[in-house]
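Let me begin by presenting the structure, written as structure tokens, before commenting on it.
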Amino acid sequence: MHSNKTIHNIIRKKTKYLPAILIKIETKTITIVLTKKVNVLFFTKNPCLIVKNILLSKKLNLKKRSITIHTLPYLIKFAHQNFNMYRSHNCGELRASHINTEVTLAGWVQKSRDKGFIVWVDLRDRYGITQLVFDEERTSKTMMEQAQNLGREFVIQVKGNVIERASKNPNIPTGDIEILVSELNILNKALLPPFTIEDKTDGGEDIRMKYRYLDIRRNPVKNSLIFRAKVAQEVRNYLSNDGFTEIETPYLIKSTPEGARDFVVPSRMNEGEFYALPQSPQTFKQLLMVGGMDKYFQIVKCFRDEDLRADRQPEFTQIDCEMAFVEQEDILNVFEGLTRHLLKEVNGVEIEKFPRMLYDDAMRLYGNDKPDIRFGMEFGELNEVAQHKDFGVFNNAELVVGIAVPGGNTYTRKEIDALIDWVKRPQVGALGMVYSRCNDDGTFKSSVDKFYDQGDLAKWAEVTDAKAGDLICVLSGDKNKARAQLSALRMELATRLGLRDPKVFAPLWVIDFPLLELDEETGHYHAMHHPFTSPKPGQIELLDTNPGDVKANAYDLVLNGNEIGGGSIRIHDKGTQAIMFKHLGFTEEEAKAQFGFLMDAFEYGAPPHGGLAFGLDRLVAILGGQETIRDFIAFPKNNSGRDVMIDAPAPIDDAQLTELSLKLNLKS
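6 is the number of the first residue of the sequence shown in our numbering; add one for each residue after it.
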């Protein structure tokens, strides 16, 4: 046991960073009173705990006595100011009201301007930019040399006085002040970046993805990530306040035939067996409903091994939700409320109406199941008024369909020819396009005047709701293909006409989807959503006779022409689920092998339930007014599914392959 004098000396030595302490040593207790402010290194929310941890270290034999640390009130108050040893303020914080204040800042050198006798440096962090000034009259020669040698993206810390800026910059919040630097500390030097770290950069997408950590420093990317975090937080707040419980589900699951290809993970401990990464937590959230967790959500990563495009990544984030003891109307109301809340809190937009449209009507009027209703140009089906003439192209078509382009009569012949070339591209696939000009005098001029008179063309205008000054564009052919092609043309024209304002939001529920969809190549039906979607009441018998006519208790939430959420009322009894699997081509044995765990659960009192999942990446991109989801993902993959920054995917060595009992059979 140490003597009191030894203990006193140990405490003095171990607490030498404390400028003044009182120590009282008794038989069973040691009392320390901090009488002055502690060193900045220990400005934390609990400075006492730090001191106690030092005193109770293994090298000290003080544990037989309890240690009580008392602090004066001003210390506790000061400690709670969350002081940071590297900076007293951030680079977007200082204003004219801070003039004559001594401050400490830290950040990256955005750029510097050296006039010889004076150096200005723009210091940047995630909050903004503050100008620093070094001049030979008030700055030491050594520090002037340091300032003159600062490179772009050097990480520095400065101390100095806030002064009024002589040449103010109204474009930044800190533009009224600058910092006269009294102390400069270079925390880290930097190589010259491969592209400029500016809002408008000279770096192409490939190089910016390779150096994504540099790209994140740019305001557009940084602000997108902050925006995403805000949306996610609002989702959590809203659903939690509505009684939902956030529950995590597994990432290593069983591979099941649910649509896209799975990413598979070999199991070392179970030779020859594999996990799959989840395409969605679908079966787990249904099992949570069986388990009585009647309002579930999570913001979860999902994985699909499919071809990529601007709004798709191999790994994506989903707002996954499920509710028990609900019908379709209950779910639509809840998530209509969530969407309304997000638009108001994030975008400041009040949305009152969420129109509802039948799937069949969406296909008939817009050619797809996620129509953009910010603008018109609804389809007009022209079979009755365009067929049975002498124009064989229309007579032989399953569908003749057109749209009226507002103001399109001003298009030159060259511009119309360019439109025809556009629809004939392989990505669209039309064989051509017929058009009719709607003249201001009420007459019409078409590309098929040889076959149609003014009365015929007037009927075209009536069906497509064309007005004087418009242009009617007509496509024909297979019904599904013609609709898809005209839908693509409609969206392209709307973009050219400026009708797709990203600041305008037009939500829409599309309901009553088909339960099954015919694969024209194989002739087999597959689930339009997934195998767990329930059919409309009384329609299950149609599966044996007219499977394509069966409607599902399914719904999609569409925003500005993008599906942002989709869901359904689920099957919750084993018998109906078995019938569904049968019509999807599963044998009884296959259904049991793949989904026996779920069907078994249905026999233990599964409640009626349903849910919905939002694609968070796509939702955030739309709310943020951007075309691609990559802008809102910290480390996205490219169009080949590669992470060019870390060079993934990558080969693994032979030892790992052997350990996993794998042998490669690469295609040449």
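Using N, Cα and C, we set each Cβ at its ideal position, and we do this for glycine too.
Cα-Cα, which of Asp247, Ala611, Gln318, Arg495 is closest to Gly566?
If you number the sequence shown from 1, residue 566 lands on position 561. Selected option, being the one with the closest Cα: Arg495.
Report the rounded CA-to-CA distance for Glu5 versus Leu347, giving the unit in angstroms.
As shown, the chain starts at 6 and ends at 673. That puts residue 5 outside it, with no answer to give.
With DSSP collapsed to three states, give me the class of Asp512.
By 1-based counting over the sequence shown, the position of residue 512 is 507. At residue 512 the sequence reads Pro, which differs from the Asp that was named. Strand, per DSSP.
Taking only the alpha-carbon atoms, compute the straight-line gap between Leu185 and Phe200 and give it to the nearest angstrom.
What you label residue 185 is simply residue 180 of the sequence shown in a count that begins at 1. What you label residue 200 is simply residue 195 of the sequence shown in a count that begins at 1. Distance between the alpha carbons of Leu185 and Phe200 is about 30 Å.
Taking the straight line between their C-alpha atoms, what separation do you get for Ser451 and Leu462?
The sequence position of residue 451 within the sequence shown is 446, counting from 1. The sequence position of residue 462 within the sequence shown is 457, counting from 1. Answer to the nearest angstrom: the Cα atoms are 8 Å apart.
Exposed or buried, Thr179, counting other C-beta atoms within 10 Å across all chains shown (16 or more means buried)?
Along the sequence shown, one-based indexing puts residue 179 at 174. It counts as buried.
Which residue or residues does DSSP assign as beta-bridge partners of Cys307?
Counted from its first residue, the sequence shown places residue 307 at position 302. Beta-bridge pairing links Cys307 to Phe321.
First and last residue of the beta strand (DSSP E) that includes Gln136?
The residue you call residue 136 lines up with position 131 of the sequence shown. Looking at the DSSP string, the run of the beta strand (DSSP E) that includes Gln136 is 133-140.
Can you say whether Lys300 is buried or exposed, counting buried as having 16 or more other CB atoms within 10 angstroms of its CB?
Position 295 of the sequence shown holds residue 300. It counts as buried.
Between the C-alpha atoms of Ile252 and Gly620, what's the straight-line distance to the nearest angstrom?
In the sequence shown, counting from the first residue as 1, residue 252 sits at position 247. In the sequence shown, counting from the first residue as 1, residue 620 sits at position 615. So the alpha carbons of these two residues sit roughly 18 Å apart.
Which stretch, first to last residue, makes up the beta strand (DSSP E) that contains Tyr530?
Looking up residue 530 in the sequence shown gives position 525. 530-532 is the extent of the beta strand (DSSP E) around Tyr530.
From the DSSP output, in three-state form, read off Trp113 for me.
Your numbering for residue 113 matches position 108 in the sequence shown. Three-state DSSP puts Trp113 in a strand.
Nearest-angstrom Cα distance between Lys668 and Phe308?
Start at 1 with the first residue of the sequence shown, and residue 668 comes out as number 663. Start at 1 with the first residue of the sequence shown, and residue 308 comes out as number 303. About 24 Å.
If you run the structure through DSSP and keep just helix, strand and coil, what is Gly385?
Taking the sequence shown and counting its residues from 1, the one referred to as residue 385 is at position 380. Gly385: strand per DSSP, three-state reduction.
Tell me the rounded alpha-carbon separation between Glu525 and Ala265.
Numbered from 1 along the sequence shown, position 520 holds the residue referred to as residue 525. Numbered from 1 along the sequence shown, position 260 holds the residue referred to as residue 265. C-alpha separation (whole angstroms): 18 Å.
Looking at the structure shown, is Pro519 part of a helix, part of a strand, or coil, going by DSSP?
The residue labelled residue 519 in the question sits at position 514 within the sequence shown. The answer is strand: DSSP assigns Pro519 an E or B state.
In angstroms, rounded to a whole number, what distance separates the CA positions of Ser117 and Arg217?
Here residue 117 refers to the residue found at position 112 of the sequence shown. Here residue 217 refers to the residue found at position 212 of the sequence shown. About 24 Å.
In three-state terms, what does DSSP make of Asn400?
Position 395 of the sequence shown holds residue 400. Helix, per DSSP.
Measuring straight from C-alpha to C-alpha, what distance separates Lys508 and Phe380?
Locating residue 508 in the sequence shown gives position 503, counting from the first residue. Locating residue 380 in the sequence shown gives position 375, counting from the first residue. The alpha-carbon atoms of Lys508 and Phe380 are separated by roughly 13 Å.
Using the beta-carbon count (16 or more within 10 Å), is Ser481 buried or exposed?
Within the sequence shown, residue 481 is the residue found at index 476, counting from 1. It counts as buried.
Would you tell me roughly how many angstroms separate the C-alpha atoms of Lys349 and Thr250, rounded to the nearest one?
Translated into positions along the sequence shown, residue 349 becomes position 344. Translated into positions along the sequence shown, residue 250 becomes position 245. One C-alpha to the other measures close to 23 Å.
Determine the DSSP secondary structure at Leu502, reduced to helix, strand or coil.
One-based indexing of the sequence shown puts residue 502 at position 497. Looking at Leu502 - three-state DSSP - the assignment turns out to be coil, as it is neither helix nor strand.
From Gly630 to Thr550, what does the alpha carbon distance come to, in whole angstroms?
For the purposes of this step, residue 630 is taken as residue 625 along the sequence shown, with counting starting at 1. For the purposes of this step, residue 550 is taken as residue 545 along the sequence shown, with counting starting at 1. Cα-Cα distance, rounded: 46 Å.
Determine, using beta carbons only, whether Gly440 and Val468 come nearer to each other than 9 Å.
For the purposes of this step, residue 440 is identified with residue 435 of the sequence shown, where counting begins at 1. For the purposes of this step, residue 468 is identified with residue 463 of the sequence shown, where counting begins at 1. In the sequence under discussion, the amino acid at residue 440 is Tyr, which differs from the Gly named in the question. No, they are not a contact pair.
If we count the other Cβ atoms within 10 Å of its Cβ and call it buried at 16 or more, is Asn670 buried or exposed?
Locating residue 670 in the sequence shown gives position 665, where the first residue counts as 1. Answer is exposed; the Cβ neighbour count stays below 16.
Can you have a look at Ile657 and say buried or exposed, based on whether 16 or more other CB atoms are within 10 angstroms of its CB?
To locate residue 657, count along the sequence shown from 1; it is residue 652. Ile657 should be labelled exposed.
On the DSSP letters alone, give me the boundaries of the alpha helix (DSSP H) that Asn338 sits inside.
Start at 1 with the first residue of the sequence shown, and residue 338 comes out as number 333. Its alpha helix (DSSP H) spans residues 333-352.
From the DSSP output, in three-state form, read off Leu667 for me.
By one-based count along the sequence shown, residue 667 stands at place 662. Looking at Leu667 - three-state DSSP - the assignment turns out to be coil, as it is neither helix nor strand.
Could you check how far apart the C-beta atoms of Val405 and Leu476 are, in whole angstroms? I think they sit under 8 Å.
Position 400 of the sequence shown, counted from the start, is the residue given in the question as residue 405. Position 471 of the sequence shown, counted from the start, is the residue given in the question as residue 476. At roughly 17 Å, the Cβ-Cβ gap does not stay under 8 Å, so Val405 and Leu476 are not in contact.
Spatial neighbours of Asp458 within its chain, please: CB distance less than 7 Å, with the 5 preceding and 5 following residues excluded, ordered by chain position.
Along the sequence shown, one-based indexing puts residue 458 at 453. For Asp458, where only same-chain residues beyond five positions count, there are no Cβ hits under 7 Å.
Mind checking which residues open and close the alpha helix (DSSP H) that includes Asp127?
Taking the sequence shown and counting its residues from 1, one reaches residue 127 at position 122. Segment 123-130 is the beta strand (DSSP E) holding Asp127; no alpha helix (DSSP H) there.
Which partner residues of Cys443 appear in the DSSP bridge assignment?
In the sequence shown, residue 443 corresponds to position 438, counting from 1. Partner(s): Phe449.
On the three-state DSSP scale, how would you describe Gly590?
Taking the first residue of the sequence shown as 1, we reach residue 590 at position 585. Gly590: coil per DSSP, three-state reduction.
Please confirm whether any heavy atom of the ligand NAP lies closer than 8 Å to the CB of Arg266.
The model depicted lacks the ligand NAP and carries no ligand whatsoever.
Name the one or two DSSP bridge partners that Glu188 has.
On the sequence shown, position 183 is the one that residue 188 refers to. Looking at the DSSP assignment, Glu188 forms a beta bridge with Lys164.
Using DSSP with H/G/I as helix, E/B as strand and the rest coil, what is Ile2?
With the chain covering only 6 through 673, there is no way to say anything about residue 2.
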